[in-house]
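So the sequence shown is numbered by numbering that gives the first Met the number 0: it starts at 0 and just counts up by one.
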Amino acid sequence: MKTKLLLLSAISALMFVSSCSSDDDTITPSIPELEALELSNCSSGIAEGETLILENRNNGVDYIINCTYPVNGDLIIDPGVTIQFGTDATIRVYNSGSIQALGTAQNKVVFTGEDKVPGSWKGLYIISSDVKNKIEYATIEYAGAVGDDGAILLWSDTHLKMNNTNITNSQTYGLHANTNNNELLLENNTITACKAPMYLDASYVSAISNGSYTGNNTDAIIVDRGFIDEDHTWTKLNVPYHFPNGVDVIAGGNLTVMPGVIMKFGQDSRLFINEGASGPKPSIIAVGTAAEPIVFTSIDNVMSAWRGIYFDSPNALNEIGFATIENASNPDQEGAIETWYGTVLNVHDVSFKDIQNCAIHQYKFPADPDTLTSSNLTYINVAHTFCQN
C-alpha cells in the first residue's frame with residue numbers, strides 16, 4: 000500500500016534562540032509553522048490502494064480544498080487539523096475509500112468554509128461501506144449547500160461511526176441519510192444552527208444516542224417514512240421525532256419506544272403496526288413512566304391532524320402504557336388507537352386528549368375472544384371513549 004504523508008515534517012535542524020544569564024544558559028527551540036497547503040489534485044485525489052495522512056501543520060488552516068476532492072483510498076485526518084473549503088467544494092468518499100477524522104477533546108478536526116456563511120461549501124459526501132469510516136471529536140461548519148442537503152450526506156450501503164462531533168451553520172440538514180442499508184452509530188453529537196439536525200430513514204433512528212439537537216430552524220429529528228423490519232429501540236433525545244409521512248412496523252419488526260420519547264406526526268399520517276401477508280408478526284412496546292410518559296401527537300397542534308396508531312398484528316408483545324395520545328383520529332381512521340380483527344394489545348395508563356372521534360376503535364367479530372385489554376385510561380376533550388366495528 001502506498002502511503003503519502005502531509006505533515007509538519009521531520010525536523011532535521013532546529014533554529015535556536017539563546018539567552019544567557021549569570022546562572023545558566025537557556026536554549027529554546029523555535030519551530031516555524033507551515034503555510035496552508037492546497038489539495039489541488041482534484042481529478043485523482045486519493046487513488047484506490049493509497050493512504051493519505053493529513054497532519055497538523057500549524058495553528059490555523061492546514062489544508063485548502065477548492066474542488067470536489069475524490070477519495071477512493073484511505074483518508075486519515077489527525078487531531079488538530081483544519082481543512083478549509085471554497086465555494087461548493089466537498090470531499091467525496093467513494094466505495095473503495097474511507098475517511099477517518101480522528102480528533103480529540105483537546106484537538107478537534109475542523110472542516111470549515113472559506114466564507115463563514117451557511118452553505119458556503121457542500122459538505123462531506125460518503126458512499127462507502129468501509130468499517131474504518133469514523134468521525135470523532137470534529138467540527139463541521141458552514142456546509143450543507145442546497146442540492147446535497149446535508150453537512151454530511153450518506154448514500155446507500157454506507158458505514159459510519161460519528162461521535163462527539165459538532166455540526167453547525169449548515170444551510171440544510173446537519174446529517175442526511177434516507178437511503179437503504181446504511182450502518183450508523185451516532186453518539187454524543189451536537190447539531191445546531193441548521194435547517195434541522197437530521198433527516199433520516201426510519202431504520203436509522205435507533206442509531207442515535209445522547210447528544211444535543213436544539214437551536215435549529217426546526218428542533219426535531221425528521222424521519223422519512225420507512226419500514227421497521229428488525230429489532231429497533233428509540234430513545235429519548237432533547238428534541239422530538241417528526242414523522243411527516245408516518246412510519247410502518249412490518250413483518251419481522253419489533254419497535255421499543257423508551258420513556259420520554261416525543262413522536263409528532265404529519266397531516267393524515269399514522270403509526271402502522273402491519274403484519275402483512277407473511278413473516279413474523281410485528282410488535283410495538285411503548286411504555287413510559289409516570290414521570291416520563293411517551294407522547295404521540297401531531298406536528299400541527301390541531302385536532303384530527305393525524306390518523307393515530309393502527310394495529311393489524313396478533314403479537315402478544317403489543318403494549319402502550321404511560322403515554323399521551325393527542326390530536327388523533329380523522330375521517331380516514333375512527334380511533335386514535337384502531338385495532339383490526341385479531342389484534343392483541345394491552346393499553347394502560349394512557350391519556351387521550353383532543354380526540355375528534357374515538358379514543359379506541361376495535362374491529363371484532365362477536366364470536367372472537369377479546370384480545371384487547373385496557374386499564375387506567377383518562378380522557379380530555381374526547382368525543383367517544385370506545386367504539387367497536
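A virtual CB, placed ideally from N, CA and C, is assigned to each residue, including glycine. Every value quoted in this text rests on a predicted model; they were computed, and no experiment measured them.
| query | result |
| --- | --- |
| Note down the Cα distance separating Thr27 from Asn55, rounded to an integer number of angstroms. | Note that Thr27 has pLDDT 42, beneath the 50 cutoff, so the model's placement of it is unreliable and the number below is only indicative. Looking at the two C-alpha atoms, the distance is approximately 21 Å. |
| Please check the pair Thr384 and Tyr378, which I expect to be a contact at CB under 8 Å, by giving their CB distance rounded to whole angstroms. | 6 Å |
| Suppose contacts are defined by Cβ-Cβ distances below 9 Å. Is Asn132 in contact with Ile98 by that definition? | yes |
| Classify Glu140: buried if its beta carbon has 16 or more other beta carbons within 10 angstroms, exposed otherwise. | buried |
| Taking Asp267 as the reference, which of Thr234, Gly72, Ile298, Gly275 has the closest Cα? | Ile298 |
| I need the straight-line Cα distance from Gly210 to Asn388, nearest angstrom please. | 45 Å |
| Using the beta-carbon count (16 or more within 10 Å), is Pro279 buried or exposed? | exposed |
| Could you give the uninterrupted runs of the beta strand (DSSP E) lying entirely in the segment 276-301, keeping only those of 3 residues or more? | 282-286, 293-297 |
| Please give me, in chain order, every unbroken run of the beta strand (DSSP E) with length at least 3 that falls completely inside the segment 153-181. | 158-162, 165-167, 172-176 |
| At the level of alpha carbons, what is the spacing between Thr232 and Gly341? | 25 Å |
| Can you check which of these residues, Tyr93, Asn317, Val346, Trp305, is closest to Pro330 by C-alpha distance? | Trp305 |
| With a threshold of 6 Å on Cβ separation, who are the neighbours of Val346 within its own chain once the five nearest residues in sequence on each side are excluded? | Ile319, Ser373 |
| Just checking my contact of Ile249 with Asn215 at CB under 8 Å: how many whole Å lie between their CB atoms? | Incorrect: roughly 31 Å between the Cβ atoms, too far for contact. |
| Distance check for Met257 and Val349, CA to CA, integer angstroms please. | 15 Å |
| Here's the rule: buried if 16 or more other CB atoms are within 10 angstroms of the residue's CB, otherwise exposed. What is Cys193? | buried |
| For Asn71 versus Glu37, is the C-beta distance shorter than 9 Å? | no |
| What three-state label does DSSP hand Val204 in the structure shown? | helix |
| On the DSSP letters alone, give me the boundaries of the beta strand (DSSP E) that Ile336 sits inside. | 334-338 |
| Quick one: what does DSSP say Lys194 is sitting in, helix, strand or coil? | coil |
| In chain order, what residues of the same chain lie with their CB nearer than 7 Å to the CB of Val402, ignoring the 5 residues before and after it? | The chain is shown from 0 up to 388; residue 402 falls before or after that span and cannot be answered. |
| Use the C-beta contact count for Asn375: other C-beta atoms within 10 angstroms, 16 or more gives buried, fewer gives exposed. | exposed |
| In the DSSP assignment, the beta strand (DSSP E) including Ile82 goes from what residue to what residue? | 81-84 |
| Using DSSP bridges, identify the partner residues of Asn273. | Asp311 |
| Would you call Ser276 buried or exposed, if buried means 16 or more other Cβ atoms sit within 10 Å of its Cβ? | Residue identity differs from the one stated: residue 276 is Ala in this sequence, not Ser. Label assigned to Ala276: exposed. |
| Taking Leu184 as the reference, give the member of Val204, Thr171, Gly118 with the closest Cα. | Val204 |
| Alpha carbon to alpha carbon, how far is Lys363 from Thr288? Give it in angstroms, no decimals. | 30 Å |
| Per DSSP, what kind of secondary structure is Ser20 in: helix, strand or coil? | Confidence at Ser20 is low in this model, with a pLDDT of 40, below 50, so the placement of that residue is unreliable and no value is reported for it. |
| Can you list, in chain order, the residues of its chain whose CB lies under 8 Å from that of Arg269, leaving out five sequence neighbours each side? | Gly245, Trp305, Arg306, Gly307, Ile308, Tyr309, Gln332 |
| Would Ala219 and Asp200 be called neighbours here (beta carbons separated by less than 9 Å)? | no |
| Span of the beta strand (DSSP E) holding Ala104? | Taken as a continuous stretch (DSSP letters only), Ala104 belongs to no beta strand (DSSP E), as it is neither H nor E. |
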